[in-house]
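Take a look at the structure below.
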Amino acid sequence: MNNNTTNYLEQYDAAADADKYPLVRGWMYSEPLPFFKELREKRPILVTPECTLLALFDDVTDVLNMPKVFTVELYIPKMADYLMAHDDDALHTREKSIMMGLLNRDDLPQVRVMVANIAKGILDKANGRIEVVNDYCRMVPATLVQDYFGLTGADRKDLIEWSYWNQYNTFHNQPFDLLPEALSKSVADHQKEVSEKLGKYIAGLILRRLPIAKAEQALSALLAPLCLLKKLLGLQSSRTDKKLTDDIVSRMLRSTYPHAVDFDIKRLGVNAGGLLIGAIETTSQAVSQVIQFLLERPELLDKAFNAAKMDDPKAFDNIVWEALRFVPIAPYLFRKTASEFTIAKGTGHATTVSPGTIILPLTQSAMFDPKAFESPDEFIAERNWYHYFHFGFGSHECLGKYVGMVLIPEMVRQVLLRQDIKADGGIDYKSGPFPEQYNLFWTN
Ligand code: HEM
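With the working numbering, you'll find the sequence shown wraps up at 493, consecutive numbering, no jumps.
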């Protein structure tokens with residue numbers, strides 16, 4: 050524990066080389082806000098033996114906007130050929146655009162209703178007491194993965210496990226995570242094991258659902274002239290495929306792309322798996338941490354409770370996004386430098402980094418930089434949404450961002466609407482990177 054909030058850098062400079070990064074790592078997690086503040090004020094670019102940290106909003110956004118210079122190479126061994134491991138190339142542009150179109154933003158009001166119903170269903174059954182991480186924060190997105198994304202026919206517990214190990218190995222098993230060797234190997238082995246299971250499941254899903262999707266598509270093509278005629282006669286105004294199965298996987302299976310677009314059934318499978326991996330553990334962490342943040346602050350909880358009761362969710366959602374600034378799912382993103390570059394050129398903290406340098410853009414620090422956040426230490430719910438980094442920034446900005454933007458606040462909202470909601474202790478991370486246990490109770 051650092052007792053004097055202004056002496057992190059003194060301690061850092063005095064430490065032996067081998068101890069420098071471990072110290073930084075500890076502060077990033079145990080006392081990020083005062084540590085980042087000192088960095089912003091005294092050393093906005095901190096070069097450690099392990100990696101280089103960027104603390105200012107401008108430097109963070111600049112670096113994240115140059116994907117060919119600051120790359121996601123560290124993702125490559127973790128996620129095979131998924132779009133996320135590609136930097137500003139044809140595959141990334143093509144597959145991200147296709148998937149963004151399929152995740153039609155016009156769905157969002159319905160998605161929010163779906164989330165509310167799934168969430169209410171779980172809470173109603175819980176009888177006033179729930180271990181909220183496993184039975185709610187993971188279970189609601191897993192159900193949405195089935196019902197909206199269309200990854201049907203698998204046990205939700207399996208979906209949760211597959212997402213968990215993939216997220217763990219990709220985002221929390223990097224050299225700068227300093228995991229003991231045996232744990233690092235075990236996490237990698239788990240990811241390998243679940244990825245094989247996920248691959249088999251996706252192949253089975255396609256085999257099972259492709260004939261149905263194609264049959265529905267053919268039927269819809271047959272009925273199209275009739276529907277058009279009805280529409281012209283004013284007898285029917287809705288879309289012809291209204292009654293078809295509609296989820297993201299079925300949309301993917303019903304779409305046919307010309308060979309030249311290069312989005313075949315294999316790429317379809319990879320992208321269907323990506324929907325699952327991205328959705329569960331991220332949501333679970335964000336929702337658990339925001340709930341805890343609000344429950345620990347009675348004056349905010351009151352405000353949140355009043356906003357939760359309003360028809361328009363905007364005020365409530367703003368509270369959630371502001372809370373997530375204080376308890377984000379991670380204090381940083383990470384990139385690997387591909388070619389020599391001078392960050393913050395022309396400023397007093399200009400720093401030249403060489404190829405191979407790992408960069409940690411401290412997105413949480415950027416969200417406390419007064420340049421973009423006035424009175425950053427205060428909780429101000431009505432901030433400019435565009436300055437938050439909750440869903441990343443730049444070309445790798447989250448594919449599921451808009452789904453997450455209804456999923457996370459609606460899940461928090463449903464919990465806070467329970468009568469006299471309270472926590473029994475805090476979140477238990479069980480020494481890992483994710484919330485694992487958090488007990489809540491309320492009066493029914
Ligand atoms: C709801 C389902 C979700 C899906 C399908 C999803 C999927 C993805 C994908 C595919 C990317 C990579 C995009 C690219 O490389 O171009 C991404 C990035 C990201 N996602 Fe999500 N995500 C979801 C939810 C979330 C949630 C709930 C959060 C956090 C609260 C989150 C945080 C992020 C962040 C921070 C990045 C940026 C990673 C980077 O720049 O290296 N995602 N997501």
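We treat Cβ as the ideally placed atom computed from N, Cα and C, and that holds for glycine.
- The C-beta separation of Phe422 from Arg432 comes to about 7 angstroms, placing the pair in contact by the 8 angstroms criterion.
- The beta carbons of Arg205 and Thr192 sit closer together than 8 angstroms.
- Annotation for Phe84: Tyr57 and Trp76 place their beta carbon closer than 6 angstroms to its own, counting only its chain and skipping 5 residues before and after.
- Taking C-beta separations shorter than 6 angstroms and ignoring five residues to either side along the sequence, the partners of Trp211 in its chain run Val243 and Leu247, following chain order.
- Assignment of Val118 by DSSP, reduced to helix, strand and coil, places it in the coil class.
- Here Leu324 has Phe198 as same chain residues with Cβ atoms under 6 angstroms from its own Cβ, once five neighbours each way along the sequence are excluded.
- If you look at Thr386, you'll find it in the beta strand (DSSP E) that goes Arg384 to Thr386.
- In this structure, Leu247 has its beta carbon at no less than 7 angstroms from each heavy atom of the ligand HEM.
- In the structure shown, Ile147 falls within a helical segment according to DSSP collapsed to helix, strand and coil.
- Within the same chain, and ignoring the five residues on either side of Asp469 in sequence, the residues whose Cβ sits closer than 6 angstroms to its Cβ are Trp491 and Thr492.
- Secondary structure of Asn56 (DSSP, three-state): coil.
- Under the DSSP assignment, Pro410 falls outside any alpha helix (DSSP H), being part of the beta strand (DSSP E) whose first and last residues are Ile407 to Pro410.
- Going by DSSP, Asn488 is part of no alpha helix (DSSP H) but of the beta strand (DSSP E) stretching over Gln486 to Phe490.
- In the three-state reduction of the DSSP assignment, Thr97 falls in the coil class.
- The criterion of a C-beta distance shorter than 8 angstroms is satisfied by Thr120 and Asp136.
- One thing to note: Tyr381 has its Cβ no nearer than 8 angstroms to the Cβ of Pro419.
- It is roughly 48 angstroms from the alpha-carbon of Asn166 to the alpha-carbon of Val96.
- For Leu373, the secondary structure class from DSSP, reduced to helix, strand or coil, is helix.
- Selection Gln216, Asn355, Lys174 and Leu293 evaluated against Tyr124 yields Gln216 as nearest (Cα-Cα).
- In the DSSP assignment, Phe390 is bridged to Val402.
- If you check the CB distance, Ala321 and Asn367 do not come in under 8 angstroms.
- The C-beta distance from Lys394 to Glu122 rounds to 23 angstroms, too long to meet the 8 angstroms contact threshold.
- Using a cutoff of 7 angstroms, the CB of Phe342 does not count as near the ligand HEM, since none of the ligand's heavy atoms is closer than that.
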